[in-house]
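Residue numbers (my numbering), protein chains in the order written: chain D, 48 to 166; chain F, 949 to 1309; chain Y, 21 to 179. Beta carbons are placed, not taken as given, at the ideal position from N, Cα and C, and that holds for glycine. Since the structure is predicted, the reported quantities are computational estimates derived from the model, not experimental observations. Notes follow once the structure below has been shown.
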Amino acid sequence: MKLMYERDLSPMKLTSLNGVRQNAAAIALSKRLGISRQRMRKILIAKCDLITLENLGSRYDAAEIQAASDEIGNALSLHHLSTAAGLLSKERADHYRALAQEKEADLSDIRRAILEEIS
Amino acid sequence: MKKVVDVSLPVGPIHPCFKEPCRIKCETRGERVVTTEVELGYVKKGIEKIMIGRPWQETIFLAERVCGICSVVHNTVIVEALEKISGITVPRRAGLLRLILNELDRIQSHLLANYSYCYTIEHETLGMYLLNLRETAMDSLEMMTGTRVMAAYVVPGGVREDLSADNAAKILEATYHIEAELKRFVRMFETGPMIGLRSKGIGVLSMEDALASGVVGPTARAAGLSRDARKEDPLYLEMGWHMITRTESDNYARIMLRFDELYQSLTLIRNGIAALEPGKIRNGGEMKAGRIKHTIEAPRGDLTYDIEIDSAGQVVFVSIQTPSIPNIEVATHAMMKNLASAADVTSTFISADPCIACAER
Amino acid sequence: MSILQQLKNAVRQRSIHVCYVNTGSCNGCDIEILACLAPRYDIEQYGIYVHNNPREADVILVTGGMSPQWIDKLPDLWDRVPEPKAVVTIGNCPISGCVFNRPGKLIDPPVSKYIPVTAAVPGCPPRPSEIISAILGAADILFKDYEVHQKEKEGGGQS
Ligand code: SF4
């Protein structure tokens, strides 16, 4: 059967990500995670739907406000990944937060684990 | 997005309830909606890309055509941004005429939104009453500007045409007519038991989600957030504007909030007409280069234009942040989470007053 | 003319089902179509029903200037509409692309490149009364004696 509506939306998503505000938010996210802009875009296109991408700008701003009063969340970009982009679920974010608090762990290790999970 | 369950129910893109094409994919477990995903791109026109490199005179018309429902407010915001760049002042009479026009636009937009909701919950009678009432507002708009939609009434330095005392009296009469009719319809909506069943407690937006998504406009005010760009406008404050909020944050609250705002808009129009004094309606000036970010309250929420023009009068950068983007996002991802019935998907979506043409530009 | 044909004509004249497809418009034309529904213009008194369901439509109203997503879907949708059928385009967008037909555009007008268009209503946007008169005018010509014309066409093809 020919499916009329189920098709690859990546070009459309890329057009959305090229919007001024969306692009700025994607670049800021990639800087936070320390990865290239292209890789960040690939992750976003694979994991988010179109309207999340369109709204990335204002969600990123809201996450910045939340992160300002939360040191660990800010260091691990937990708010940016869970509330802003929806790449991490709430439970997983809490899990990583607990890990970071627990045993004075190396934050870079946790960061690497997070990056692995989202990509 | 990950597949949670294997029954996925697509709604759209051509759907009896939608005015515009948009596709909502709902993952359902039984009747319960678990997650939703939105597919857009059916009306993407790339207006921002078209605007870049064009003289500012043309961008005014392009901006109007971002959205046909609220064309007046797009026109106003880009003209005010251009005026701010060049330091052009507006005569008081023109400012008041702009206010009256914007409130008339808000009235027709809110009536259309509430009509769509009533139509979606299958209360067609009330919907048709509201649609008929909207024609009265459209008549006033036509009387003022000369056409129903896409009027290009607001021009740099003032407005295009004056409002005669005759027409002002007719608009005043129309506001009284709308108010008298509206009272009846609001009572019908408030007391209708079936409407209450299909609206109360459905599509609730929690405070946490509202804050995280940057929701604006009536959707935000129905959730108890006082977000309204009009609170910084001295002219609006002078005309007796005040913030209206509700706390229930369900479908019912959003529609009732729009009804409340309609009453307020009618009062603002009356106060505006009363404050009109004879005088100039347009000032002159010269366009200068510069960049500005200007926000105004559209019927659906904060509308921001970030625009830069160079010394030749060409637009070199523009970014349009429309209110529908966060509103649609929050409607599909937060309000529809754990909806008890798949039948409520469309009504919840429409209650946030989505405008796909705005969201995609 | 057979009685059956007369019956069909009478029925079709009073029941025209309309579906509107937004292929990248600015909403201006769509709300003018919606305004036709209002008791002021009362489109249903002419026997025109707006259902927005392509599978039971007779007349398709197309607004907008063909955004990339629609290019393969609109012909598909057109195939699903039962005969007899017609397309009426509303506004300047489907004809020329209106203001959006500029360098850097995403849309690809005109619509008549993709599906056969019967009538076009220019205007940005046209008034509701113009939309109603266009639908009524097109429907009269198309649906009257549809089977007779169809047979004539087939006969003409064979000889
Ligand atoms: S013709 Fe004008 S009003 Fe109609 S969709 Fe195109 S731009 Fe909008």
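Three-way DSSP call (helix, strand, coil) for residue i in this model
i, result
"Glu968(F)", "coil"
"Val959(F)", "strand"
"Gly66(D)", "coil"
"Gly1106(F)", "strand"
"Lys1236(F)", "coil"
"Tyr69(Y)", "strand"
"Gln178(Y)", "With a pLDDT of 48 at Gln178(Y), under the threshold of 50, the predicted position of this residue should be treated as unreliable, and no value is reported."
"Ile127(Y)", "coil"
"Ser1299(F)", "helix"
"Lys171(Y)", "helix"
"His37(Y)", "strand"
"Cys974(F)", "strand"
"Ser129(D)", "helix"
"Lys105(Y)", "coil"
"Ile1192(F)", "coil"
"Ala1260(F)", "coil"
"Ile1229(F)", "coil"
"His1242(F)", "strand"
"Ile82(D)", "coil"
"Leu91(D)", "helix"
"Val982(F)", "strand"
"Val1266(F)", "strand"
"Ile135(Y)", "coil"
"Ile1000(F)", "coil"
"Met48(D)", "Bear in mind that a pLDDT of 46 at Met48(D), under 50, signals an unreliable position, so the model cannot answer this."
"Met949(F)", "Any reading at Met949(F) must be qualified, since the residue scores a pLDDT of 49, below 50, and its modelled position is unreliable; the value itself is stated next. In this structure, Met949(F) counts as coil in the three-state DSSP scheme."
"Ala159(Y)", "helix"
N- and C-terminal bounds of the alpha helix (DSSP H) containing residue i
i, result
"Gly1165(F)", "1165–1170"
"Val1027(F)", "1019–1034"
"Ile1276(F)", "1272–1278"
"Gln1056(F)", "1040–1068"
"Phe1009(F)", "1004–1012"
"Glu1186(F)", "1182–1186"
"Met1284(F)", "Note, Met1284(F): premise wrong, no alpha helix (DSSP H); not H, not E."
"Gly1219(F)", "Position check: residue 1219(F) holds Asn in this sequence, whereas Gly was assumed. That run of the alpha helix (DSSP H) goes 1199–1223."
"Thr1037(F)", "First-last for Thr1037(F): undefined, no H or E at that position."
"Pro114(Y)", "113–116"
"Phe120(Y)", "Counting along the chain, Phe120(Y) falls outside any alpha helix (DSSP H), and DSSP gives it neither H nor E."
"Tyr107(D)", "103–115"
"Asp55(D)", "Where Asp55(D) is concerned, there is no enclosing alpha helix (DSSP H), given that its DSSP letter is neither H nor E."
"Lys1306(F)", "According to the sequence as given, residue 1306(F) is Cys; it is not Lys. Run containing Cys1306(F): 1304–1308, per the alpha helix (DSSP H) assignment."
Contact check, residue i vs residue j, beta carbons under 8 Å
i, j, result
"Thr99(D)", "Glu1277(F)", "yes"
"Ile972(F)", "Val1264(F)", "no"
"Met1191(F)", "Ser1174(F)", "yes"
"Cys56(Y)", "Ile151(Y)", "yes"
"Ile110(Y)", "Val82(Y)", "yes"
"Pro995(F)", "Arg1239(F)", "Residue identity check: residue 995(F) is Ile in the sequence provided, not Pro. Cβ atoms of Ile995(F) and Arg1239(F): not closer than 8 Å."
"Gly67(Y)", "Arg100(Y)", "no"
"Arg86(D)", "Ala73(D)", "no"
"Met1155(F)", "Ala1171(F)", "yes"
"Ile135(Y)", "Val79(Y)", "no"
"Ala132(D)", "Leu76(D)", "yes"
"Ser105(D)", "Pro1104(F)", "no"
"Ala1290(F)", "Leu957(F)", "yes"
Segment limits, beta strand (DSSP E) that includes residue i
i, result
"Asp1250(F)", "1249–1257"
"Ala139(Y)", "139–141"
"Thr1095(F)", "No beta strand (DSSP E) contains Thr1095(F), which DSSP labels as neither H nor E."
Where residue i meets chain C, residues with beta-carbon distance less than 7 Å
i, result
"Lys1285(F)", "The structure shown contains no chain C; its protein chains are D, F and Y."
Check: residue i C-beta below 7 Å from any heavy atom of the ligand FAD
i, result
"Pro145(Y)", "Questions concerning the ligand FAD fall outside what the structure shown contains, since the ligands it does hold are the ligand SF4."
Are the stretch 1160–1172 of chain F and the stretch 1244–1261 of chain F touching by the rule of at least three beta carbon pairs closer than 8 Å? Touching, per the Cβ criterion.
Extract the residue ranges of the beta strand (DSSP E) inside the stretch 41–103 of chain Y, only unbroken runs of 3 or more that lie entirely within it. As far as the stretch 41–103 of chain Y is concerned, its whole beta strand (DSSP E) runs of at least 3 residues are 68–70, 79–83.
Given 8 Å, three or more beta-carbon pairs between the stretch 100–119 of chain D and the stretch 56–70 of chain D: A contact is defined here as three or more CB-CB pairs under 8 Å, and the stretch 100–119 of chain D meets this definition with respect to the stretch 56–70 of chain D.
Below 8 Å, can you find three or more Cβ-Cβ pairs linking the stretch 1228–1238 of chain F to the stretch 1011–1020 of chain F? With a cut-off of 8 Å, the stretch 1011–1020 of chain F and the stretch 1228–1238 of chain F do not count as touching, because too few Cβ pairs lie within range.
Between the stretch 138–146 of chain Y and the stretch 41–57 of chain Y, do three or more beta carbon pairs fall short of 8 Å? The stretch 41–57 of chain Y and the stretch 138–146 of chain Y touch, with three or more beta-carbon pairs separated by less than 8 Å.
Does the stretch 1059–1079 of chain F come close enough to the stretch 1126–1141 of chain F to have 3 or more Cβ pairs within less than 8 Å? Judged by Cβ distances under 8 Å, the stretch 1059–1079 of chain F makes contact with the stretch 1126–1141 of chain F, as three or more pairs qualify.
Where are the alpha helix (DSSP H) runs, 4 residues long or more, that stay fully inside the stretch 1120–1177 of chain F, in chain order? Correct list: 1141–1147, 1155–1161, 1165–1170.
Can at least three beta-carbon pairs, one atom from the stretch 1044–1053 of chain F and one from the stretch 1288–1308 of chain F, be found at a separation below 8 Å? Result no; under three Cβ-Cβ pairs closer than 8 Å.
Does the pairing of the stretch 993–1003 of chain F with the stretch 1256–1271 of chain F give three or more beta-carbon distances under 8 Å? For the pair of segments examined, the stretch 993–1003 of chain F was found to touch the stretch 1256–1271 of chain F: the number of CB pairs separated by less than 8 Å reaches three.
Below 8 Å, can you find three or more Cβ-Cβ pairs linking the stretch 1019–1037 of chain F to the stretch 1048–1057 of chain F? A contact exists between the stretch 1019–1037 of chain F and the stretch 1048–1057 of chain F.
Kindly confirm or deny that the stretch 112–119 of chain Y and the stretch 162–172 of chain Y touch, where touching means at least three C-beta pairs closer than 8 Å. Using a Cβ-Cβ distance cut-off of 8 Å, the stretch 112–119 of chain Y and the stretch 162–172 of chain Y are not in contact, since fewer than three pairs of beta carbons, one from each stretch, lie closer than that value.
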